[in-house]
Amino acid sequence: MIQTTIEVKNNEGLHARPASEFSKASMKYKSDIKVYKNGQEKAYNPKSILSIMSMGAVKGDVLRIEASGEDEAAAIEDLKTILESFDK
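Per this note's numbering, the sequence shown starts with residue 929, numbered consecutively.
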């Protein structure tokens, strides 16, 4: 298992469009992927747009992404890059 953290910097948070893109990217990977918000124990499934939307991530929230499986490194790198692309 590997993990990374990233701060949500987009003024609008992880709203519908970025959440959709994040979910679509997550579905490409076989690894089990989970997202945690602000150190909470509740895990969100990034392969489900409803789960990501229910997280309610806003600017300043810190997300921890964990991936476990055969393509975990690629999944983490791709998902982090996608979240960083929304910070512009």
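Here a beta-carbon is modelled for each residue, glycine too, at the ideal position from N, C-alpha and C.
task = Out of Glu-940, Ala-1003, Val-986 and Lys-958, state which residue places its alpha-carbon closest to the alpha-carbon of Ile-993.
result = Of the candidates Glu-940, Ala-1003, Val-986 and Lys-958, Ala-1003 places its Cα closest to the Cα of Ile-993.
message = Nearest by alpha-carbon distance to Asn-939: which of Lys-1008, Asp-1006, Asp-989 and Ala-995 is it?
response = When each option's Cα is compared against that of Asn-939, the closest is Asp-989.
task = Would you check if the distance between the CB atom of Ile-930 and the CB atom of Glu-1000 is smaller than 8 Å?
result = For Ile-930 and Glu-1000, yes; Cβs fall inside 8 Å.
ask   = Between the C-alpha atoms of Asn-966 and Leu-991, what's the straight-line distance to the nearest angstrom?
value = If I take the Cα positions, the gap works out to 6 Å.
request  = Give me the Cα-Cα distance between Asp-1015 and Val-936, rounded to the nearest whole angstrom.
outcome  = C-alpha separation (whole angstroms): 7 Å.
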